[in-house]
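To keep things clear, I will list the structure first and then write my remarks on it.
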Ligand SMILES: Nc1ncnc2c1ncn2[C@@H]1O[C@H](COP(=O)(O)OP(=O)(O)O)[C@@H](O)[C@H]1O
Ligand SMILES: [Mg+2]
């Protein structure tokens, strides 16, 4: 067996077994843990690398662990191999008080018995080590650190962990770079690296160009093959982190929108600029990566997916029932156009565009970030070309969300933003999203249905926000 197909472990035997009881408690409490509501019943080690020896004052392990969870709560057998998570485990004799929030626990057995383990990203030394590895293009165990040779990384930048609620974890280095460490990882190229690299190649100034990145060459080990099955990507590296320039003094679009709403100000100029920026990114993506024509068959498949999601949502959220026929018509109208021979261009898109994925610099420039797509969807699906309208619909929904999250709701504020965004988009793309209302309505409806299910499950107080959109979109003329 060659090195490339073996599991790479440079950590002592018994390490995971000794951490197991602590991780079972700690992992489900992390905001980025994707398997909420189901207990963790065990772990499989996918990769382990000793970054600093645990015999020293400060030890450091990089781990990729697969958390096993029953598919349905209460059903323990058969145990399902679940998601794979990236962990950076610090090891110390005792934690200084400043690291108390990072505590994972005290190890009672195995190679680390008697030591304290903790989430190492809270600690400057491990964060410095990652930047240094990226800067010097290090290879450590199964970890590979690469960089763009044209961008300079200064040594010694001071790290700080971003404490905002995130689905991943980010470290800012001296206000110069930000390193995003993916938490739930899958083998295969992550669009959050792939798309910004492609955009940098064609010189798109609206997306921070990746400076360096970190991957794990895990190979098709017995462990990974058993859990990924025959998936095409099982042999591919895991993308673990991306370093990019930090946009200094920026605020995200959601924060800005709420600030303007609180002041009673409109957001028209900002929305128009954002429409323009979105169109520029779409144009650049279509130039950098292949586009395809979606014919009847592909459209039909898209429509079927939308209808399936609607049916599942109606089962899950009874409040949707009265709207079901109207919502259904949003999808069948698209299917009808496809049946008449209408085609659409599909291209690589952002995939999860909303105000929180846009940064505005103090100079007034918009930047689009976080090209991972919808993390719950399989990687192969996230990397498929789709109509750019999906992103437009996501952003239009986001204006509506902002305007309805305040008391009293400001539907007119949203209407003017949505119009300005489409105008800005049309200025830069030569294509106004409003001239394709059937496609727009279908994607907005699909998104609103997703939002209803999400809010019903997680934040029932917010349910009226997407329900207002459902009410509008279910009517045949949803202007
Ligand atoms: N290049 C950047 N410059 C400044 N801040 C950034 C940059 N990239 C990300 N951020 C900050 O980090 C947050 C999370 O980044 P994001 O890529 O959306 O991660 P996640 O996948 O966790 O949502 C953003 O909302 C923003 O506040
Ligand atoms: Mg994000």
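Numbering (full-length UniProt numbering), first residue to last: 1 to 479. Glycine included, each C-beta is placed from N, C-alpha and C at the ideal position.
Range covered by the alpha helix (DSSP H) that runs through residue i
{"i": "residue 305", "result": "296–316"}
{"i": "residue 338", "result": "324–339"}
Euclidean distance between Cα positions of residue i and residue j
{"i": "residue 337", "j": "residue 428", "result": "26 Å"}
{"i": "residue 228", "j": "residue 65", "result": "For residue 228, the predicted model reports a pLDDT of 42, less than 50, meaning its position is unreliable; a value from the coordinates is still stated below. For residue 228 and residue 65, the distance between alpha carbons rounds to 13 Å."}
{"i": "residue 43", "j": "residue 18", "result": "11 Å"}
{"i": "residue 169", "j": "residue 183", "result": "7 Å"}
{"i": "residue 349", "j": "residue 191", "result": "10 Å"}
{"i": "residue 474", "j": "residue 68", "result": "40 Å"}
{"i": "residue 266", "j": "residue 454", "result": "28 Å"}
{"i": "residue 14", "j": "residue 48", "result": "12 Å"}
{"i": "residue 200", "j": "residue 175", "result": "21 Å"}
{"i": "residue 438", "j": "residue 333", "result": "7 Å"}
{"i": "residue 469", "j": "residue 414", "result": "12 Å"}
{"i": "residue 501", "j": "residue 321", "result": "Missing from the structure shown is residue 501; the chain here goes from 1 to 479 and no further."}
{"i": "residue 91", "j": "residue 114", "result": "10 Å"}
{"i": "residue 216", "j": "residue 140", "result": "10 Å"}
{"i": "residue 294", "j": "residue 23", "result": "45 Å"}
{"i": "residue 299", "j": "residue 112", "result": "55 Å"}
For residue i: DSSP bridge partner residues
{"i": "residue 178", "result": "172 and 244"}
{"i": "residue 69", "result": "Paired residue(s): none; residue 69 is not in a bridge."}
{"i": "residue 386", "result": "347"}
{"i": "residue 43", "result": "67"}
{"i": "residue 239", "result": "215"}
{"i": "residue 90", "result": "60 and 118"}
{"i": "residue 251", "result": "360"}
Boundaries of the beta strand (DSSP E) in which residue i is found, first to last residue
{"i": "residue 119", "result": "116–119"}
{"i": "residue 345", "result": "344–346"}
{"i": "residue 413", "result": "Per DSSP, residue 413 belongs to no beta strand (DSSP E); it is in the alpha helix (DSSP H), 411–429."}
{"i": "residue 104", "result": "103–106"}
{"i": "residue 144", "result": "143–147"}
{"i": "residue 21", "result": "Where residue 21 is concerned, there is no enclosing beta strand (DSSP E), although the alpha helix (DSSP H) it sits in stretches over 15–26."}
{"i": "residue 376", "result": "Element bounds for residue 376: n/a, residue is neither H nor E."}
{"i": "residue 462", "result": "First-last for residue 462: undefined, no H or E at that position."}
CB contact flag (residue i, residue j, <8 Å)
{"i": "residue 277", "j": "residue 366", "result": "yes"}
{"i": "residue 296", "j": "residue 339", "result": "yes"}
{"i": "residue 45", "j": "residue 63", "result": "yes"}
{"i": "residue 353", "j": "residue 394", "result": "yes"}
{"i": "residue 137", "j": "residue 146", "result": "yes"}
{"i": "residue 104", "j": "residue 119", "result": "yes"}
{"i": "residue 392", "j": "residue 440", "result": "yes"}
{"i": "residue 167", "j": "residue 26", "result": "no"}
{"i": "residue 292", "j": "residue 433", "result": "no"}
{"i": "residue 16", "j": "residue 60", "result": "no"}
Cutoff 8 Å: residue i Cβ touching any chain C Cβ
{"i": "residue 122", "result": "The structure shown contains no chain C; it holds only a single protein chain."}
At least three beta-carbon pairs within less than 8 Å, the segment 249–256 to the segment 194–208 = As far as the Cβ criterion goes, the segment 249–256 does not touch the segment 194–208, which means the pair count is below three.
Taking three-plus beta-carbon pairs below 8 Å as touching, is the segment 368–376 in contact with the segment 201–210?
-> Contact between the segment 368–376 and the segment 201–210 is present, because at least three Cβ pairs lie under 8 Å.
Are the segment 149–163 and the segment 106–115 in contact at 8 Å, needing three or more beta carbon pairs?
-> no
Is the number of C-beta pairs between the segment 412–432 and the segment 298–313 that are closer than 8 Å three or more?
-> Contact annotation: the segment 412–432 does not touch the segment 298–313, with fewer than three C-beta pairs closer than 8 Å.
Do the segment 378–393 and the segment 441–460 meet, that is, are 3 or more Cβ pairs less than 8 Å apart?
-> Taking 8 Å as the limit for Cβ pairs, the verdict is that the segment 441–460 does touch the segment 378–393.
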